[in-house]
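As numbered in numbering that gives the first Met the number 0, residues 0 to 404 make up the sequence shown, in order.
Down below is the structure, laid out as structure tokens.
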Amino acid sequence: MSNRVDPNLIKELREYGLKDAGKCYNCGNCTAICDLSTPENPFPRKMVRYVQLGQKEKILKSPEPWLCYYCGDCSIRCPREADPGETMMVLRRYLTSLYDWTGFSKKFYTSEKFETTAVAAIGILVGLGMIFWGIANHAMIDWKHADVSSVWSTAGMEIADLVMASILSFFLLTNLFRCVKLVMGDYFKKVPLKMYYEEFKYLLVQFATQKQFDGCKTKGNRARWIAHLAIMTGYATIFLLVVVFLNGLPFMGINFLKFQRGWASMGHVNEISIFNPLRLLGYYSFFALMYGTSYVIYSRLKKTAPQFKNTHSTDWMFLILLQATAITGILINLGHIFNWVFFSYAIYVIHMMVAIPMLVLEVPFAKWAHLAYRPVVLMLMKVKGRYISEYEEIKGAVLEPEVAL
Ligand code: SF4
Ligand code: SF4
């Protein structure tokens, strides 16, 4: 592994929010108290040291930033107030931008102007597109019933959904592939594919439960884990409902489009039971997203814990877009229930103007990408550990001890 030093690293990391890493005097207290640190992957001291010494290449290949769930315990206990937890957070932003081959993520994280302009530009383009589409369908619009599918056809929305999902998946998966290659290093080619396949279940469990997060025993972490899980499951559920099951599951008797858009307006208000699973899932998403985002927004405003002390502009943008998407989503549903015709159509356009920029920018290039990187890196560490124990000598030279730089 190269030891080339980048003298500009700290300066570069300041653009991602780095503040106090320079104060660290390398005592190791933080690594000793971190519940998630292991002998194979010790952190956060090692990462703080890499930052101080300009070890950019080592940072690039490090899995550790993804193994930290930012409980903040290390920051509380650091005798130098060097805020190692925040350094780990900054490194996650930095790594996200380094994995991204388009350079878009870097711009998004390092320039507030670019971030705001990108969100506004995509939102305006979407809004204009929806309005022109509506005008083109003018003759078909139902002005008596709040039924947005009379303005924006189901088939058209489905195609648009699939095109967008394919493009976003392409960017996310190519960035993820770079992450896997870097983190696995020499093991990338050595580990048989079968082993990745066998451990894939572990990735799914980590993704669905965020179990590792709950491994931090810091006071108050359980509440943060619940909020984190609520945001993750709320979002994943609505994403599946809208993108994958837009046309529903025949055995459930309704499709999600009907639930979200037209069912009440078409006189079907009583047709769909309150206990219909699809309908319940839609409401679950709303309440989970509202609970999770409100908890985090409150904590950041009140700075209730070290991890809420420094809020990067992209953190605010993420929370605002997510909450606005949830609120406008439920308003569409209410508009249909009470048959507020113009309101329903207008709020649907606004909903798309916030939901689409959030998806386009956050999924492959920013915060939502963390949702993919974390469980993948956790799985990689499991695969690597298994390979070492099954194919290589464990004792001695293979496991890299924490560097005493
Ligand atoms: S970050 Fe703080 S606790 Fe950790 S090694 Fe540095 S001074 Fe010690
Ligand atoms: S924030 Fe928590 S999980 Fe992350 S390095 Fe510090 S103690 Fe460990």
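Built from N, CA and C at the ideal position, the CB exists for glycine as well.
**Request:** Would you kindly work out how many angstroms separate the C-alpha atoms of V353 and F337, rounded to a whole number?
**Result:** Here the question's residue 353 lines up with position 354 in the sequence shown. Here the question's residue 337 lines up with position 338 in the sequence shown. For V353 and F337, the distance between alpha carbons rounds to 23 angstroms.
**Prompt:** Around the Cβ of S298, are there at least 16 other Cβ atoms within 10 angstroms (buried) or fewer (exposed)?
**Reply:** As a position in the sequence shown, residue 298 is number 299, starting the count at 1. It counts as buried.
**Asked** Should the segment 140-155 be called in touch with the segment 358-370, which here means at least 3 C-beta pairs below 8 angstroms?
**Response** no
**Prompt:** Looking only at C-alpha atoms, which of V4, R3, C33 and A20 sits nearest to C215?
**Reply:** For the purposes of this step, residue 215 is taken as the residue at position 216 of the sequence shown. Considering only alpha carbons, the answer is C33.
**Length-filtered (4 minimum) alpha helix (DSSP H) runs lying within the segment 290-376** = 312-336 and 340-364
**Asked** So, are the CB atoms of G16 and E85 less than 9 angstroms apart?
**Response** Your numbering for residue 16 matches position 17 in the sequence shown. Your numbering for residue 85 matches position 86 in the sequence shown. Cβ distance < 9 angstroms, so G16 and E85 count as in contact.
**Message:** I'd like the list of long-range same chain contacts for H267, defined as Cβ closer than 6 angstroms, with 5 residues on each side in sequence excluded.
**Reply:** Translated into positions along the sequence shown, residue 267 becomes position 268. Low confidence applies to H267: its pLDDT is 41, below 50, so where it sits in the model is not reliable, and the reading given next is rough at best. Cβ neighbours of H267 beyond the five flanking positions: none.
**Message:** Applying the 10 Å Cβ sphere with the 16-neighbour rule, what's the burial state of C26?
**Reply:** Counting from 1 along the sequence shown, the entry for residue 26 is found at position 27. When all chains shown are included, C26 counts as exposed.
**Message:** I'd like to know whether the C-beta atoms of L330 and Q205 end up nearer to each other than 9 angstroms.
**Reply:** Walking along the sequence shown from the start, residue 330 turns up at place 331. Walking along the sequence shown from the start, residue 205 turns up at place 206. No. Outside cutoff.
**Prompt:** Using CA coordinates, which residue listed in R223, G53, F170 and Y201 is at the minimum distance from Q306?
**Reply:** Along the sequence shown, one-based indexing puts residue 306 at 307. For the residues R223, G53, F170 and Y201, the minimum Cα distance to Q306 belongs to R223.
**Message:** Rounding to the nearest angstrom, what Cα-Cα distance links E270 and I346 in this structure?
**Reply:** Here the question's residue 270 lines up with position 271 in the sequence shown. Here the question's residue 346 lines up with position 347 in the sequence shown. For E270, the predicted structure reports a pLDDT of 49, less than 50, and the residue's modelled location is therefore unreliable. A value from the coordinates is still provided. If you take the alpha carbons of E270 and I346, they lie about 24 angstroms apart.
**D213 (DSSP reduced to helix, strand or coil)** = The count along the sequence shown starts at 1 and reaches residue 213 at position 214. In this structure, D213 counts as helix in the three-state DSSP scheme.
**Item:** Alpha-carbon spacing of L358 relative to M231, whole angstroms
**Value:** Translated into the one-based positions of the sequence shown, residue 358 becomes position 359. Translated into the one-based positions of the sequence shown, residue 231 becomes position 232. Whole-angstrom Cα-Cα distance: 14 angstroms.
**Request:** Give a yes or no on whether the C-beta atoms belonging to Y98 and R177 are separated by under 9 angstroms.
**Result:** As a first step, residue 98 is located in the sequence shown; it is residue number 99 there, counting from the start. As a first step, residue 177 is located in the sequence shown; it is residue number 178 there, counting from the start. Cβ atoms of Y98 and R177: closer than 9 angstroms.
**Request:** Note down, one range per segment and in chain order, each alpha helix (DSSP H) of at least 4 residues found wholly within the segment 164-233.
**Result:** 186-189 and 192-208
**Message:** If I measure Cβ to Cβ from G233 and keep anything under 6 angstroms in the same chain, skipping five residues before and after, which residues do I get?
**Reply:** Within the sequence shown, numbered from 1, the residue matching residue 233 stands at position 234. If we look at G233 and ignore the five residues flanking it on each side, its Cβ neighbours are S284, A287 and L288.
**Message:** According to DSSP, simplified to helix, strand and coil, what is V402?
**Reply:** As a working mapping, residue 402 is identified with position 403 in the sequence shown. For V402, the predicted model reports a pLDDT of 48, less than 50, meaning its position is unreliable; a value from the coordinates is still stated below. In this structure, V402 counts as coil in the three-state DSSP scheme.
**Message:** Considering Cα atoms alone, identify which of T95, F113 and K18 is closest to R79.
**Reply:** One-based indexing of the sequence shown puts residue 79 at position 80. R79 has its Cα closest to that of K18, out of T95, F113 and K18.
**Message:** Quick check: the Cα distance between I140 and V162, rounded to an integer number of angstroms?
**Reply:** Sequence index remark: in the sequence shown, residue 140 carries index 141 (1-based). Sequence index remark: in the sequence shown, residue 162 carries index 163 (1-based). Approximately 25 angstroms, taken between the alpha carbons.
**Asked** Mind checking whether S443 and S104 have CB atoms under 9 angstroms apart?
**Response** No statement about residue 443 is possible, as the shown extent of the chain runs from 0 to 404 and does not include it.
**Request:** Can you tell me which of the three DSSP states I253 falls into?
**Result:** Sequence index remark: in the sequence shown, residue 253 carries index 254 (1-based). With a pLDDT of 49 at I253, under the threshold of 50, the modelled position of this residue cannot be trusted, and the question is left open.
**Asked** Does DSSP put A135 in a helix, in a strand, or in coil?
**Response** The residue you call residue 135 lines up with position 136 of the sequence shown. Of the three classes helix, strand and coil, the one that applies to A135 here is helix, per DSSP.
**Prompt:** Would you say the beta carbon of Y49 comes nearer than 8 angstroms to a heavy atom of ligand 1?
**Reply:** Mapped onto the sequence shown, residue 49 falls at position 50. Y49 Cβ: outside cutoff for every heavy atom of ligand 1.
**Prompt:** To which residues of the same chain is N40 closer than 8 angstroms at the C-beta, ignoring the five residues directly before and after it?
**Reply:** Within the sequence shown, numbered from 1, the residue matching residue 40 stands at position 41. Here the set comprises P62, E63, L66 and M380.
**Request:** Determine, using beta carbons only, whether G122 and P356 come nearer to each other than 9 angstroms.
**Result:** Here residue 122 refers to the residue found at position 123 when the sequence shown is read from its first residue. Here residue 356 refers to the residue found at position 357 when the sequence shown is read from its first residue. Their beta carbons are under 9 angstroms apart, which means G122 touches P356 by this criterion.
**Message:** Cutting at 6 angstroms between CB atoms, please list the residues of its own chain near Y69, excluding the five before and the five after it.
**Reply:** As a position in the sequence shown, residue 69 is number 70, starting the count at 1. Closer than 6 angstroms at Cβ, skipping near neighbours: G84, M88 and Q306.
**Whole-angstrom C-beta distance between A226 and Y294, which should lie under 8 angstroms** = Looking up residue 294 in the sequence shown gives position 295. Looking up residue 226 in the sequence shown gives position 227. Contact holds; Cβ gap of about 4 angstroms.
**Request:** For H311, collect the residues of the same chain with a Cβ closer than 6 angstroms to its Cβ; drop the 5 residues on either side in sequence, then sort them by chain order.
**Result:** Numbered from 1 along the sequence shown, position 312 holds the residue referred to as residue 311. Once the five neighbours on either side are set aside, the close Cβ partners of H311 are G16.
**Buried/exposed call for L90, threshold 16 Cβ in 10 Å** = Against the sequence shown, residue 90 aligns to sequence position 91. With 16 or more Cβ atoms within 10 Å of its Cβ, L90 is classed as buried.
**Message:** Can you find the residues in the same chain that come closer than 8 angstroms, C-beta to C-beta, to K302, ignoring five residues on each side of it along the sequence?
**Reply:** For the purposes of this step, residue 302 is taken as the residue at position 303 of the sequence shown. Hits under 8 angstroms: K308.
**Message:** Would you say L52 lies against chain D (beta-carbon separation less than 9 angstroms)?
**Reply:** Although the question refers to chain D, the structure presented lacks it and comprises just one protein chain.
**Asked** Got a sec, what are the start and stop residues for the alpha helix (DSSP H) Q51 sits in?
**Response** As a position in the sequence shown, residue 51 is number 52, starting the count at 1. From DSSP, the alpha helix (DSSP H) with Q51 extends over R44 to Q51.
**Prompt:** Roughly how many whole angstroms lie between the Cα atoms of A145 and L203?
**Reply:** One-based indexing of the sequence shown puts residue 145 at position 146. One-based indexing of the sequence shown puts residue 203 at position 204. In a straight line, the C-alpha of A145 is about 39 angstroms away from that of L203.
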